[in-house]
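Here the structure comes first, spelled out in structure tokens, and everything after it is commentary.
Residue numbers (the numbering used here): 414 to 563.
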């Protein structure tokens, strides 16, 4: 028990030291950061560009024809790389596609190639838009999302 108490004190003192270091670093930078995810090495400025999901790089496709199937999307986007996951939500009432799909690639290069080659192209007679599903700078890079930054 004595050893457990010593370990707890040691852990608590380490945590207090880290909190003080973070507070000092953030106060000197002019911005105070709190909560989960706050680290000493975390950059204060916003980062732009695509963000990786838990398992891979996800692209968001809008303008998908309502009668498109997962096989149609798979055939179109498999030429750019191995597709790890494909999601194409259906409308509950009609059973048709809601008009968008998400494709997950293992490699960023494959997702980037799919975006560059497919954005603005025609798919089943309708133009589609393809972009990153997640961006590191927030919602600004999303299709249809308003740019809230001034």
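We put the CB at the ideal spot given by N, CA and C, even for glycine.
Remember, it's a predicted structure, so these values are computed and weren't measured experimentally.
Discussion item. Can you tell me where the alpha helix (DSSP H) holding residue 489 begins and where it ends?
Written reply: Taking the chain shown and counting its residues from 1, the one referred to as residue 489 is at position 76. Per DSSP, residue 489 belongs to the alpha helix (DSSP H) from 483 to 490.
Worksheet item: Rounded to a whole number of angstroms, what is the C-alpha to C-alpha distance between residue 526 and residue 511?
Response: The residue given as residue 526 occupies position 113 in the chain shown. The residue given as residue 511 occupies position 98 in the chain shown. So the two alpha carbons sit approximately 25 Å from each other.
Fill in: Sequence-distant residues of the same chain with beta carbon closer than 6 Å to residue 517, five excluded per side
Your numbering for residue 517 matches position 104 in the chain shown. Contacts found: 469, 471, 497 and 498.
Worksheet item: Where residue 529 and residue 480 are concerned, what is the direct C-alpha to C-alpha distance, given to the nearest angstrom?
Response: Mapped onto the chain shown, residue 529 falls at position 116. Mapped onto the chain shown, residue 480 falls at position 67. Rounded to the nearest angstrom, the two C-alpha atoms are 24 Å apart.
Discussion item. Looking at residue 495: is its Cβ nearer than 7 Å to the Cβ of residue 522?
Written reply: Locating residue 495 in the chain shown gives position 82, counting from the first residue. Locating residue 522 in the chain shown gives position 109, counting from the first residue. Judged by their CB atoms, residue 495 and residue 522 are not nearer to each other than the 7 Å cut-off.
Fill in: Residue burial classification, residue 534 (beta-carbon count within 10 angstroms, cutoff 16)
Numbered from 1 along the chain shown, position 121 holds the residue referred to as residue 534. Exposed is the call here.
Worksheet item: Can you tell which of 541, 547 and 545 has the C-alpha that lies nearest to the C-alpha of residue 478?
Response: Against the chain shown, residue 478 aligns to sequence position 65. Comparing Cα positions, the closest option is 541.
Worksheet item: When burial is assigned at 16 or more other CB atoms within 10 Å of the CB, is residue 465 buried or exposed?
Response: Within the chain shown, residue 465 is the residue found at index 52, counting from 1. Counting Cβ neighbours within 10 Å, residue 465 comes out exposed, since fewer than 16 surround it.
Worksheet item: Any idea what DSSP makes of residue 541, helix, strand or coil?
Response: Within the chain shown, residue 541 is the residue found at index 128, counting from 1. Of the three classes helix, strand and coil, the one that applies to residue 541 here is coil, per DSSP.
Worksheet item: Less than 7 Å separating the beta-carbons of residue 501 and residue 473?
Response: In the chain shown, the residue the question calls residue 501 occupies position 88. In the chain shown, the residue the question calls residue 473 occupies position 60. It is not a contact, given that the beta carbons lie outside the stated cut-off.
Item to complete: Report back the beta-carbon spacing between residue 546 and residue 476 to the nearest angstrom; my notes put them in contact at under 8 Å.
Response: Here residue 546 is taken as the residue at index 133 of the chain shown, counted from 1. Here residue 476 is taken as the residue at index 63 of the chain shown, counted from 1. Contact between residue 546 and residue 476 does not hold, since their C-beta atoms are separated by about 15 Å, which reaches or exceeds 8 Å.
Discussion item. Using only the alpha-carbon positions, how far apart do residue 536 and residue 491 sit?
Written reply: Taking the first residue of the chain shown as 1, we reach residue 536 at position 123. Taking the first residue of the chain shown as 1, we reach residue 491 at position 78. The straight-line gap from Cα to Cα measures roughly 14 Å.
Practice prompt. Tell whether a beta-carbon distance below 7 Å holds between residue 462 and residue 524.
Written response: Here residue 462 corresponds to residue number 49 of the chain shown, with the count starting at 1. Here residue 524 corresponds to residue number 111 of the chain shown, with the count starting at 1. Not a contact, by the Cβ cut-off of 7 Å.
Worksheet item: Nearest-angstrom Cα distance between residue 508 and residue 544?
Response: For this step, residue 508 is matched to residue 95 along the chain shown. For this step, residue 544 is matched to residue 131 along the chain shown. Rounded to whole angstroms, residue 508 and residue 544 show a C-alpha spacing of 25 Å.
Practice prompt. Classify residue 521 as helix, strand or coil using the three-state DSSP reduction.
Written response: Locating residue 521 in the chain shown gives position 108, where the first residue counts as 1. Helix at residue 521.
Fill in: Helix, strand or coil at residue 514 [DSSP, three-state]
The residue labelled residue 514 in the question sits at position 101 within the chain shown. It is a strand residue.
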